[in-house]
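Take a look at the structure below.
Numbering (this note's numbering), first residue to last: 56 to 303.
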């Protein structure tokens, strides 16, 4: 690992902070980012269903939410949530409710995990202002052109989505959820796999907010196998979230 890559991970925290959403103001900011991404930009959800321009669903109340805030502007650049499974089998996770027909049930059953160990990562979003550039309208994760930022600052923005995964891993570790699922576009697992976070496909691709498939990872595997440049960032993210989590 060269020094440039190591410094890139450390430098991310000069420009961004990752926070556990502990206030209604934080949650509102997250829901507004989701509205811009899921409703206005990609039309995954009908905007008319959210007249207050804040995208929410029935899972938000029982979820743990994190936001990635751009320090200089104060703007929320991205967000992610972790939805813990309930011991009540009638309370389904999002993938169980919306994508059940795509799940590789043989694989999932072979994991032999209890519901109290399971969680789902969902609603990972990066605000378009932090990734849009000419010719990239259909790309969900990219570099920023919409804000006035230095070149050094821009080089850290490719880590916004990765930092969302790090935040979700920290939430899973803190909440004792050892087994994590996510419905993801195929390029996202490939993106994070390069960082040593290796998701296993657990279902066939379907059309759900674009083409997505179910993926699975053990929390400890994600933490143990991170490349050194991200491990330092993960530990900083974990400590930040742990401080707020313990105060909840």
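The beta carbon of each residue, even a glycine, is placed where N, CA and C say it ideally should be.
Boundaries (first-last residue) of the beta strand (DSSP E) holding residue i
i           : result
residue 173 : 173-181
residue 74  : 71-75
residue 136 : 131-139
Check whether residue i and residue j have beta carbons under 8 angstroms apart
i           : j           : result
residue 54  : residue 165 : Here the chain has residues from 56 to 303 only, and residue 54 is not among them.
residue 90  : residue 105 : yes
residue 159 : residue 257 : yes
residue 84  : residue 131 : yes
residue 296 : residue 75  : yes
residue 261 : residue 128 : no
residue 108 : residue 87  : yes
residue 185 : residue 215 : yes
residue 154 : residue 263 : yes
Beta-bridge partners of residue i, as assigned by DSSP
i           : result
residue 273 : 234
residue 303 : Answer by DSSP bridge pairing: none, since residue 303 is not bridged.
residue 146 : Residue 146 pairs with nothing; no bridge assigned.
residue 267 : 261
residue 158 : 258
residue 239 : 268
Anticipated Cβ contact below 8 angstroms, residue i with residue j, distance rounded
i           : j           : result
residue 121 : residue 180 : Not really, about 11 angstroms apart at Cβ, beyond 8 angstroms.
residue 97  : residue 150 : 19 angstroms between Cβ atoms; not a contact.
residue 266 : residue 65  : Incorrect: roughly 35 angstroms between the Cβ atoms, too far for contact.
Start-to-end residues for the alpha helix (DSSP H) that takes in residue i
i           : result
residue 123 : Taken as a continuous stretch (DSSP letters only), residue 123 belongs to no alpha helix (DSSP H), being part of the beta strand (DSSP E) at 119-125.
residue 82  : 79-89
residue 108 : No alpha helix (DSSP H) holds residue 108; DSSP gives it neither H nor E.
residue 363 : The requested residue 363 does not occur in the structure, where the chain is confined to residues 56 to 303.
residue 215 : 214-229
Q | At least three beta-carbon pairs within less than 8 angstroms, the region 220-237 to the region 280-300 | A | yes
Q. When the Cβ atoms of the region 131-149 are set against those of the region 230-237, are three or more pairs found closer than 8 angstroms?
A. yes
Q | Inter-stretch contact (C-beta, 8 angstroms, three-pair minimum) for the region 268-277 and the region 244-260 | A | yes
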